[in-house]
Each structure stands twice: as C-alpha cells, then as structure tokens.
Amino acid sequence: MTEKEKKSHLYQESDIKVLKGLEHVRKRPAMYIGDVSSRGLHHLVYEVVDNAIDEALAGFCNKIILTINKDGSVTVEDNGRGIPTGLHPTEKKSTLEVVMTQLNAGGKFDRSSYKVSGGLHGVGVSVVNALSEWMEVEVYRDGKIHYQKYKRGEPVGNVEETGKVKQKTGTRVTFLPDKEIFKLGINFKYSTLEARLRELAYLNKGITIKIADEAEGKQDEFHFKGGIIDFVKYLDEGQKSISGKPIYLTAERENVIIEVAFQYNESYNENINTFVNNINTHEGGTHLEGFKSALTRTLNNFGTKNNIIKTDKITLTGDDFREGITAVISVKVPEPQFEGQTKTKLGNSEVKGIVQSICNEQLSDYLEENPSVAKKILEKCILAAEARMAARNARELARRKNALEISGLPGKLADCSITDPQQCEIYLVEGDSAGGSAKQGRDRRFQAILPLKGKILNVEKARLNKIYENEEIKSIVTAIGAGLRGSDEYDDSKVRYGKIILMCDADVDGSHIRTLLLTFFYRYMREIIESGKLYLAQPPLYKIKKGKQEWYAYNESERDEILKSLKVKKDEIVNTEEQPEETEGEPEEDKQSPRNVIISRFKGLGEMNPEQLWATTMNPETRTIIQVTNENAAAADKIFRILMGEEVEPRRKFIEENARYANIDA
Ligand code: 28F
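Residues in the sequence shown are numbered from 30 upward in steps of one, following my numbering.
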C-alpha cells in the first residue's frame, strides 16, 4: 500500500465511524436528547448554548446572543475564541469539522473542568447537527470568517474562508431541527427559551445573554451582577423579605465551587432551587442535604445559645427552619454523578460534607454579625413549629373521629379492588354527578374514583393546620395515603396509586379547580409530580354522530377534520347544545336521518353517560392523558404564587401579559 492509499484508507475508516455515529443518533434520538417532543427540541438549543457558556466559564466570552429566525431556525452566537479551525492532529481534517460532526469530539474538552459528563446535557453539538435538517457554523478567528454547512449532520462542503474580520472573535451556529425527527413540529417557544437563558444569566454572573424572536418581534437581555443573589430577589419579587438582603455564602474547596443565596419571606412555602454545573437538580441530592443540615444545625445552635428557642417548651424540626425560605444553591462539581428517576439528583457523597461545613462556618458568622436578622428568622421558625404542633393536634382529633370507619378511607371514595399501587389509578373528579358517571363507567379493578365537591381550599393562602381542617383536601390526602409534605409524616412510598388523574370540566370553573388542585399538589405533594404520577384527563369537547356511527373530537380542529372526512354539506350539519339521549325523544329520529350529522358540544363531564365517559376519557386503550411535569420549578413557584396568592396587582399584570397564551396549557 502506498502512503497515499494508506491515507485514503484511514479517511474512509474514520468517515464510516462518523456516519455510523450519526446514523445511530438519528435512529435513537431519545438516547441522546431524552425525547423528540417539544422538550427534546428545546434541548437542542440548550446544548449549543451550553458550549457558549463553557467558553464563558473558561473566561474567554462574556456575551451570548440567541435568535429565533423567521424561518424557524435558531442562531446562537458567542464572542469567545471561536472553535479552532486548524488541522486536527489525528483526524487529518479541520478541527472545526471534527467538533461539528464527530460524536463526543467536543463533549469533554479539557479547557473547562466543569463540562458536564453524563446526564442529558453534554452530548455535544454533533448530536444537534445530526438531528438538524441543516446547520451552518461561522467561526471568527485569526481575522477570518470560517464557514461550513451540514445536512443531517454531514458536511455539504469543506471548511471555507468566506471573509475577513477585524477584532472580532467567536462562534455562530444556526440550525433548523429536522421535521423527520421532531414529528410534532418545529416550534420554539420564546417563554421557554427565555426562562432558561434568564436562569443561566443568574447562575453565571457577569455574562450578558440576549434573546430575540425575529418572527414575533420580541427581545430580552439578561445581565446580573449579583448572580444568584439577584435570582433569589427575582423569585421573591413582590414579597416582603423578613431577613433583609439575601444571605450569600460562597467558597471553593477540593475543586468544588459552592454558592448559596437565601432569604425568608412571609409565606409558608419552602422554595429551594438547586443546580449542579448549571443543571437544575429537581430531585435534590447531596448538595441540598448538606445545606439543609447546616441550616438546621446553625440556626438551632444560635437560637438555643441566645435563649430565643426555649428548649423546655419547643423542639424545632428541619421543616420549621425552612418555612418561608427562598434559596438558590449552585455548585460546580468536576465529575458530577447524576442519579434518581430523572437523573437530576446529585450523588457525589463528598459534596454533602463540603457544602455543610462551608454553610456551617459562614452562616454562624453571619448570624453573629447580624443578630437582629437572626432573631427575626428564628421567630418565624418558632411560629412554624407552633403551627405544626397545632396541625398535628387537629390531625389526631380528626383521626379519632374517623376511628369508626374501619378502613380510614374517605366515604366518598370508590376504591379499586387491586391493591398494587403500580397497577392502580385514581380519578379526582369535579362534581358529584360526573363522579357518579365515573364510578359507573370505570373498570373497578384498577380505577378508583374520588368525587370532589365545589372548589377546594386555596392552599396558597393557608397554613398547614387550616389545610387539615378542609374536608375535600382531607379526603384527597387520605385516599392517596402518603400524608402531606412539610408535615412530619409525608412518605412517598405509601402512595396508593401509580397514576393520579385530575378530571375537570373544560370550562372556566373547571380550569380554576384544576389550578387549585395543581397548586395543592405542587405545594404539598410535589414528589407526586416529580415522580411523574400526576396527570390531567382530556375529556372530548364534541361528539359527532352520523347514523349509528360516533366520533369524539378533543378540540375545534379535530372536529373540523372529522367533518371534512365525512364530506358533509353545511346544511346537513345539526348543531345541538343538548346531549342527544339515546333512549327517548322522537325529534332525535329526525335528526338521525342517515344524511344528517349531529354535533353536540359537551359542556361538562356530567353530561356524559358512564359509557361515554369510559370510552372517551377513562379507557387506557383509547384515552389521552397529559402528564404534569415540573420542568421549570422556579417559574412554576412564581406563577402559583402570583395566581393564587394575596397580591392582586402582580396577578392582574400576569394575566394581562399572558392572556394570549392562556389557552389551557399543561
Ligand atoms: C454558538 C455556540 O460552541 N462556542 C465555542 C469554543 C472554543 C473552543 C473550543 C468551543 C478544541 C479541540 C475540542 C478555542 N480556542 N458556541 C460555541 N467556543 N470549542 S465551542 O474548543 C473545542 C475543542 O477539541 C476553543 C482554544 N481552545 C478551545
């Protein structure tokens, strides 16, 4: 073999490897980006932005601009050093091409010690490239513009020089995700991207991050000098801090960087947001454990030593020290281990001790130096403990009253016969009449029904002991069986159903009740949301009937599609507001002449008979249910507070700003 032949042989081999890699990404996209829904789609953007953030963390970039273009593609540009363009030492082609096309090539650079390995992030830009109909990259480096284009991950041409620049350096990537992969459509949501970029700007102080939507003419710019201190203020916007400015603790130890900011407000909610290498660790982990135990220990010591906590009268629990807290914990760990159901729980055991000792030291110094703030915080914690004890008394009283009911389950609950939670589901149904239909229509082996009367208590405005006095909530809690978060008894392993399905009417009242229920679950059984057990039922809005055949439509466009497929003329459509009852009514006969198509609109669940309810909304084979997720917990917290809290002005503002998007968005 000549040198030339050897070389071309080498090229072929590595090229085949690259193609195999891209093929695998396209065949199993979910393995790389989680899923191919809207979530996975947005993940592509985060992947590209992450590389720019890494360049910023390495100290070479302070500006990132994201643009949603008119054609639906997205551009991300940074002012870093630009991806190297020279010949790659082993691959014998431009390093830029290697980074853009080879799996793992840019995944773990040694330039940044905090590049995330594992988890969802950190798969590299080549994965985004493989899942894009096309991608273009421009690198500004050495006074030149370097350019390359790709289709579905493969280069269309070589890296070319397309122009000159004076001072400018950086990387600019534009891509259009592939409709063949993202079959639900390519629709980037401004608010979703905006929330993530805002979060990144808080977590990485000093970087300027801009976002613009060319189609909608919207734009925002984020730059926070205070970093996570500003994040805490933002989360608590419109609330009174009882502890003054956020308390800020930070240090680096054993290559782990810790930052904590927190304050206490007048609410009863615990709102702790934790991040590892800029990734939201929804399931918590060792960093959270370290912070919690330091908080409990330091506040308890200070309170006892200064005789604020009278130990002969009261004992405070960890929960008491977190009532009304809003906190952001951000750690940067060189080799994070992600565990848990959604791989968002930090597992590194060494981090607990590091966070704990830093927080112990710095928080006790802070308390010594700010005794009046310390006293205010402790007084709030003592009130929380007193309320908790009052709640326990109320609960025990209620239990004793219930002692006659042998099972202890609420009387209104129609339970299922199977007892294995994995196989069981419970429907929380708005209204007694729908509840009645659901009880008759269900498969009683694995489906339980709990009818709810009227509106449930707005938990955003109440403390734990009030919640224990509310009948509807009490029956939900006992039916589910795990107790309440924030009380000393919550136990996720006791949840009696694998799916908890909220079934409300598709009207204004129904949506209010759904929000009240979601608020309740978010505040008091968040684990149920986080473990993916909470769902929304999707009842149909229309029934279309022609002769003996029936169709159900879940929205207007489905209705129109069905009508189109039936090829009916306008004058053959009969719109009826009332439910055409099968049994009686001669006029029905008229309407049901085989030519006519009858459309009836379901106003409420109660209008459906048991069979219809089963067929459309409850039969696992045919129904659609929407899983409630907690993607952006920080935003969720704020939205619940605004929608359900005391203050009127922010609620008015929020509704005004979001009215356009307010069509039932799970
Ligand atoms: C629009 C998204 O991707 N920015 C990036 C850099 C800078 C370097 C780099 C990136 C080289 C060999 C991997 C420059 N100079 N924005 C971005 N900016 N990647 S991605 O290097 C990649 C490594 O293999 C860079 C010196 N060192 C690194």
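Each residue gets a CB set at the ideal place from its N, CA and C atoms; glycine is no exception. Computed from a predicted structure; not experimentally measured.
Closest residue to residue i among the options (Cα-Cα distance)
| i | options | result |
| --- | --- | --- |
| Glu500 | Phe549, Ile485 and Lys122 | Ile485 |
| Gly246 | Gln370, Pro439 and Ile97 | Ile97 |
| Asp44 | Gly182, Thr104, Glu106 and His175 | Gly182 |
| Val78 | Thr198, Leu634, Thr203 and Gly115 | Thr203 |
| Lys197 | Phe550, Val360 and Gly109 | Gly109 |
| Glu368 | Val168, Asn309, Gly470 and Asn648 | Asn309 |
| Ala416 | Tyr497, Ile502, Ala59 and Gly464 | Tyr497 |
| Thr344 | Pro569, Glu126 and Gly332 | Gly332 |
| Glu518 | Thr279, Thr548 and Glu425 | Glu425 |
| Leu407 | Ile236, Gln385, Asn377 and Gly347 | Gly347 |
| Phe291 | Lys593, Ser359 and Phe253 | Ser359 |
| Thr448 | Arg474, Arg351 and Glu459 | Arg474 |
| Pro275 | Leu317, Lys92 and Leu392 | Leu392 |
| Lys632 | Leu570, Leu563, Lys682 and Thr645 | Leu570 |
| Asn336 | Pro400, Ser386, Ala280 and Asp349 | Pro400 |
| Gly470 | Lys212, Asn625, Glu312 and Leu634 | Leu634 |
| Ser102 | Asp242, Tyr553 and Ile112 | Asp242 |
| Asn307 | Glu352, Thr130 and Lys234 | Lys234 |
| Ser560 | Asp536, Val657, Gly483 and Glu397 | Val657 |
| Glu379 | Asp444, Leu328, Arg421 and Glu283 | Glu283 |
| His10 | Leu51, Gly115, Ala356 and Asn377 | No information on residue 10 is available, as it lies outside the stretch 30 to 695 that the chain covers here. |
| Arg201 | Lys92, Tyr263 and Phe304 | Lys92 |
| Asp521 | Gln366, Glu52 and Met554 | Met554 |
| Ala414 | Asn216, Gly465, Asn487 and Asn329 | Asn329 |
| Thr653 | Gly186, Asn584, Lys682 and Pro639 | Asn584 |
| Gln452 | Lys562, Tyr395 and Leu116 | Lys562 |
| Met637 | Glu189, Glu352 and Ser466 | Ser466 |
| Asp472 | Ala463, Ile455, Ser462 and Gly214 | Ile455 |
| Tyr581 | Ala644, Val54, Gly186 and Met164 | Ala644 |
| Gln476 | Met647, Lys218, Asp259 and Pro58 | Met647 |
| Ile387 | Ser272, Lys321, Glu556 and Lys404 | Lys321 |
Proximity test, residue i beta-carbon vs the ligand 28F heavy atom, cut-off 7 Å
| i | result |
| --- | --- |
| Glu84 | yes |
| Glu76 | no |
| Arg110 | yes |
| Pro118 | no |
| Arg201 | yes |
| Val657 | no |
| Asp107 | yes |
| Ala159 | no |
| Asn80 | yes |
| Lys340 | For the sequence presented, residue 340 should be read as Thr rather than Lys. False, no ligand heavy atom lies under 7 Å from that Cβ. |
| Val458 | no |
| Pro206 | no |
| Thr237 | no |
| Val154 | yes |
| Pro480 | no |
| Val11 | Within the shown structure, residues of the chain are numbered from 30 to 695, placing residue 11 beyond reach of any answer. |
| Val54 | no |
| Thr645 | no |
| Thr96 | no |
| Thr124 | yes |
| Val128 | yes |
| Pro113 | yes |
Contact check, residue i vs residue j, beta carbons under 8 Å
| i | j | result |
| --- | --- | --- |
| Leu278 | Val285 | no |
| Gly527 | Pro649 | no |
| Leu531 | Leu513 | no |
| Glu76 | Ile94 | no |
| Asp207 | Ser161 | yes |
| Ile383 | Gly460 | no |
| Ala511 | Lys495 | no |
| Asp249 | Ile236 | no |
| Ile602 | Ile628 | yes |
| Tyr169 | Val152 | no |
| Glu371 | Leu264 | It should be noted that the sequence gives Thr, not Glu, for residue 371. Contact flag unset, no. |
| Val47 | Gln131 | yes |
| Tyr297 | Ser270 | no |
Three or more C-beta pairs closer than 8 Å, one from the region 216-225 and one from the region 116-125: is that the case here? Result no; under three Cβ-Cβ pairs closer than 8 Å.
Please confirm if the region 563-580 is in contact with the region 588-601, defined as three or more CB-CB distances below 8 Å between the two stretches. Per the Cβ contact rule, the region 563-580 is in contact with the region 588-601 (3 or more Cβ pairs under 8 Å).
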